[in-house]
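Just below is one structure, and these are the notes that go with it.
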Amino acid sequence: MATKSRYQAPALKKGLEILEVLAAASAPLTMSDISVALDRSISEIFRMLQVLEEHRYIVRSEEGYRLTNRLFALSMGQPPVRDLVSTAMPVMEGLARRIGQSCHLAVVSGAEMVVIAGVDSPGLSGFAVRVGYRRPLHRSASGRILLAFQSPDGRAAMLEDVRATGDAVDLPVLTAQLDAIIADGGGTSPSPVLTGIIDLSVPVLSLNVARAALTIPFVDGPGARVGLAESQAALREAAEAIADQLAPVLRDATLRPDEDQEKDSDA
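Using our numbering, the final residue of the sequence shown is 979, and nothing's skipped along the way.
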């Protein structure tokens, strides 16, 4: 027999139910679909859908409603993100010393990439991107890496977030760019911000999906400690090292509660 909750918050409960239904759906759901799934009338869920859309937790298209990445963005402040930064920083510092260039780490935040960690060049010259810097996913080297190394559904949802901002996306051109990035295992492109800088970017992978993008804004010239090709190789090694060190954390984080209990009982 189910125990009745001591506290009741009907509106909150409806909102959470809607989010859960959309999270489990493989395609957008219409208002009628959600009404049937929750066994609630359309009048019960109409205002809740409006509020969730206003707060950007869901988005509506001709096909129906779906979740945005907002919940994911909120989760970025949680321990897994701190684990990512604390794991990546020593590797990034070693990379910067080795090649004499700055580097930064970026993740997805809604329709944008956001830089969450960076290491300045140890030499006299270099170009550094500040932590907190944002740019549309399809308009940055890091963002295209994050788009490329996703599941088809994940990429489609991210692109829908980009389109929802009103920013134009040339899908055939972008798809060709992402396919080339996947084939190469990373991306190399002129900086969209400054002339003379080449952005080298590779994914930090977890289960073949980019959890982050590691990028070097490569500045060539007499002050460069190593060349472009060696910098690319060092960048790939650094991204792999970060991914390898994160693997135990990711594995532990994905254990189901019953698996945790079984481990405790076996101890």
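No residue lacks a Cβ here, since even glycine has one placed at the ideal position from N, Cα and C.
Reference residue i; option with closest CA among the options
i, options, result
"R948", "E824, S913, Q957", "S913"
"A925", "E732, Q762, V819, H767", "V819"
"S852", "F839, T927, D873", "T927"
"L734", "E765, E952, R856, R718", "E765"
"V905", "T887, F839, G866, Q944", "F839"
"A869", "K725, L724, A737", "A737"
"F758", "R768, S747, I909", "S747"
"L731", "D745, Q944, S753, Y769", "Y769"
"T877", "S833, V931, R847, Q762", "R847"
"I910", "Q720, G933, R923", "G933"
"L817", "P834, L858, L783", "L858"
"R923", "R782, Q762, V797", "V797"
"V841", "S903, H767, R718, A936", "S903"
"P915", "A936, L940, Q944", "Q944"
"R782", "S821, V763, R752, A941", "S821"
Nonlocal neighbours in the same chain, by C-beta distance under 8 Å from residue i, ignoring five residues either side
i, result
"V938", "R810, I811, G812, A946"
"L883", "L871"
"A723", "M760"
"A950", "V803, M804, G806, L807, C815, L926"
"R875", "V881"
"S744", "I754"
Contacting residues, own chain, Cβ-Cβ under 7 Å from residue i (five flanking each side not counted)
i, result
"K975", "Note on K975: pLDDT 43, under 50, position unreliable in the model; the coordinate value appears next. Cβ within range, chain order: n/a, list empty."
"V843", "V827, I828, A829, G830"
"P984", "This structure leaves residue 984 out entirely; the chain is present only between 713 and 979."
Collapsed DSSP secondary structure at residue i in the structure displayed
i, result
"A843", "It should be pointed out that residue 843 corresponds to Val in this sequence rather than to Ala. Of the three classes helix, strand and coil, the one that applies to V843 here is coil, per DSSP."
"L912", "strand"
"G897", "coil"
"S738", "coil"
"A721", "coil"
"F758", "helix"
"H816", "strand"
"E824", "strand"
"P929", "strand"
"R923", "strand"
"S854", "helix"
"G866", "helix"
"S833", "coil"
"P904", "coil"
"S918", "strand"
"R772", "strand"
"R937", "coil"
"R752", "coil"
"M713", "Residue placement at M713 cannot be trusted, given a pLDDT of 43 that sits under 50; the coordinates are not used to answer."
CB-CB length for residue i against residue j, believed under 8 Å
i, j, result
"G806", "M760", "With a Cβ gap of about 49 Å, G806 and M760 do not count as contacting."
"G866", "M825", "Contact doesn't hold; Cβ gap of about 14 Å is too wide."
"D873", "A823", "4 Å"
"L917", "A888", "Not confirmed; about 22 Å, so no contact."
"Q862", "V921", "6 Å"
"L958", "T799", "6 Å"
6 Å Cβ shell around residue i - same chain, five flanking residues per side excluded
i, result
"C815", "M804, L807, A808, V831, I928"
"A860", "L890, I893, I894"
"K742", "In the sequence under discussion, the amino acid at residue 742 is Thr, which differs from the Lys named in the question. Once the five neighbours on either side are set aside, the close Cβ partners of T742 are G776."
"E729", "L750"
"Y845", "V827"
"L886", "H850"
Are at least three pairs of beta-carbons, each pair with one atom in the region 769-779 and one in the region 884-898, less than 8 Å apart?
Cβ pair count under 8 Å is below three, so no.
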